[in-house]
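Worksheet: the structure to be examined is printed underneath.
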Amino acid sequence: MLFGFCVDSLTLKRIDLLFENLVIAWYLFIALACIVVINLNESGRVRHPILQKISHWAPVPMQVAFGGLFSGFIVLYSRSSAIIANWPFVTILILLMVGNEFAKSRYAKFTFHLAIFYTALLSYSILLVPVIAKRMGAFIFFISGIASLFIIILVVILLKKLTPERLDKSKFSLAASIIGIFAIFHILYFTNIIPPVPLSLKAIGVYHDLQSNGITYDAHVEPAPWYQFYNETSRTFHRYKNERVYIYSAIFAPTNLADKIYHRWSRYDDISKKWVVQNTASYPMVGGRDGGFRGFSYKQIIEPGLWRVDVVTKRNQLIGRITFTIEDSQTEPVVQAVKL
Numbered sequence: 003m004l005f006g007f008c009v010d011s012l013t014l015k016r017i018d019l020l021f022e023n024l025v026i027a028w029y030l031f032i033a034l035a036c037i038v039v040i041n042l043n044e045s046g047r048v049r050h051p052i053l054q055k056i057s058h059w060a061p062v063p064m065q066v067a068f069g070g071l072f073s074g075f076i077v078l079y080s081r082s083s084a085i086i087a088n089w090p091f092v093t094i095l096i097l098l099m100v101g102n103e104f105a106k107s108r109y110a111k112f113t114f115h116l117a118i119f120y121t122a123l124l125s126y127s128i129l130l131v132p133v134i135a136k137r138m139g140a141f142i143f144f145i146s147g148i149a150s151l152f153i154i155i156l157v158v159i160l161l162k163k164l165t166p167e168r169l170d171k172s173k174f175s176l177a178a179s180i181i182g183i184f185a186i187f188h189i190l191y192f193t194n195i196i197p198p199v200p201l202s203l204k205a206i207g208v209y210h211d212l213q214s215n216g217i218t219y220d221a222h223v224e225p226a227p228w229y230q231f232y233n234e235t236s237r238t239f240h241r242y243k244n245e246r247v248y249i250y251s252a253i254f255a256p257t258n259l260a261d262k263i264y265h266r267w268s269r270y271d272d273i274s275k276k277w278v279v280q281n282t283a284s285y286p287m288v289g290g291r292d293g294g295f296r297g298f299s300y301k302q303i304i305e306p307g308l309w310r311v312d313v314v315t316k317r318n319q320l321i322g323r324i325t326f327t328i329e330d331s332q333t334e335p336v337v338q339a340v341k342l
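Structure follows, in structure tokens:
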């Protein structure tokens with residue numbers, strides 16, 4: 003399991019690339035083939051020694067396929083997640099991947115393996131449909147769900163023809179499972195718990211000056227101290243006189259996917275102990291660049307204190323966040339020139 007997850011982390015990069023889709027489609031095909039074989043054998047309609055032997059071992063490749071699917075989904079969804087907002091959904095995927103290791107005996111159960119298959123199918127549809135449509139939003143998410151329902155209905159029709167007795171015994175529990183999974187995913191989406199796939203934050207930082215030269219951005223930054231090696235910029239901004247405070251972000255999106263990105267500036271109020279939104283800036287985004295589509299916002303009239311800038315979609319889905327402290331400085335801070 004751990005080895006497979008590490009391999010997926012290194013190989014699965016972008017959901018708009020052919021290789022990633024072939025890997026996921028292959029896992030789905032293996033899982034579906036195993037489902038068909040198991041149900042053919044369990045129904046008793048086909049009696050053949052080879053089929054019986056294959057059916058006996060089919061839960062193993064099915065388990066491997068589902069493990070590969072949920073491992074891949076963890077990688078792809080976590081790249082789009084802000085853990086503080088999306089941890090419940092990522093946790094669900096982790097539990098599905100871990101639980102898969104102990105569910106071999108349950109994969110012979112008709113409703114169980116089809117429910118797991120539909121969960122994987124819906125998770126993939128949510129990733130793929132925005133790439134095809136080159137759009138995001140509630141309508142596209144709903145279309146993703148409808149597409150997954152259409153495919154699972156075709157699968158059920160196939161199983162109805164092959165093993166009508168098994169389907170008739172489980173049709174109500176199967177329908178309840180599929181409808182329940184469909185409803186849960188939509189509840190998670192409209193409560194912004196599902197990450198804003200296929201977007202992902204590639205970079206974010208606070209800068210003293212930032213100018214576009216047409217190809218790159220020229221900026222000045224206070225470097226992060228050595229013990230904050232995971233930060234691209236210092237989390238303390240020493241503001242000299244009335245200079246602007248710039249927030250730069252780079253967001254990956256699949257090729258030609260267009261949307262609008264928002265920077266929501268908030269200041270922490272020490273009296274109310276709450277974050278208070280000060281203003282929101284937006285810019286259009288078009289996907290396709292490996293390093294992410296670059297954009298920035300700034301504030302010039304700004305008070306010292308603890309600040310936070312959320313990078314969000316038009317549906318208020320959190321893509322990423324930076325928190326920093328602004329301190330007034332009587333002298334010019336030491337900065338470095340960088341290209342972004």
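One rule links them: number in this note's numbering = place in the sequence shown (from 1) + 2. Here a beta-carbon is modelled for each residue, glycine too, at the ideal position from N, C-alpha and C. Predicted model only: the values in this text are computed from it and were never measured.
**OP:** Could you tell me how far apart the beta carbons of Leu156 and Val38 are, in whole angstroms, since I believe they sit closer than 8 angstroms?
**Re:** Actually they are not in contact, since the Cβ atoms of Leu156 and Val38 sit about 12 angstroms apart, beyond 8 angstroms.
Original post:
If you draw a straight line from the C-alpha of Arg137 to the C-alpha of Leu124, how long is it?
Top reply: 18 angstroms
Subject >> Residue environment, Leu372, which counts as buried when at least 16 other CB atoms sit within 10 Å >> reply: No answer is possible for residue 372: it lies beyond the span of the chain, which begins at 3 and ends at 342.
**OP:** Report, in whole angstroms, the separation of the C-beta atoms of Val223 and Thr235, which I expect to be a contact under 8 angstroms.
**Re:** 5 angstroms
**OP:** Using beta-carbon positions only, say whether Lys256 and Gly293 come within less than 9 angstroms of one another.
**Re:** Note on identity: in this sequence residue 256 is Pro, with Lys being the wrong assignment. Going by C-beta atoms, Pro256 is not nearer than 9 angstroms to Gly293.
**OP:** Using 10 angstroms around the beta-carbon of Tyr232, count the other beta-carbons present and answer buried if the total reaches 16, otherwise exposed.
**Re:** exposed
**OP:** List in chain order: all unbroken alpha helix (DSSP H) runs of 4+ residues lying wholly within the segment 97 to 150.
**Re:** 112 to 135
Subject >> Classification of Val62 by the beta-carbon crowding that lies within 10 angstroms, buried from 16 upward >> reply: exposed
Original post:
Run through DSSP, which three-state label would Ala255 get?
Top reply: coil
Subject >> Buried versus exposed call for Asn318 [16 or more other C-beta atoms within 10 Å across all chains shown] >> reply: exposed
Original post:
Are the Cβ atoms of Arg237 and Val279 separated by less than 9 angstroms?
Top reply: no
Original post:
If you draw a straight line from the C-alpha of Phe67 to the C-alpha of Val337, how long is it?
Top reply: For the sequence presented, residue 67 should be read as Ala rather than Phe. If I take the Cα positions, the gap works out to 51 angstroms.
Subject >> Spatial neighbours of Cys358 in its chain, beta-carbon cut-off 6 angstroms, leaving aside the 5 residues before and after >> reply: Here the chain has residues from 3 to 342 only, and residue 358 is not among them.
Original post:
When you compare only the Cα positions, how much space is there between Tyr191 and Phe141?
Top reply: 12 angstroms
Original post:
Where DSSP assigns a beta bridge to Gln213, which residues make up the other side?
Top reply: Asp220
Original post:
Going by other Cβ atoms of all chains shown within 10 Å of its Cβ, with 16 needed for buried, is Lys243 buried or exposed?
Top reply: exposed
Subject >> When Asn41, Ile181, Pro335 are compared against Lys171, the one with the closest alpha-carbon >> reply: Asn41
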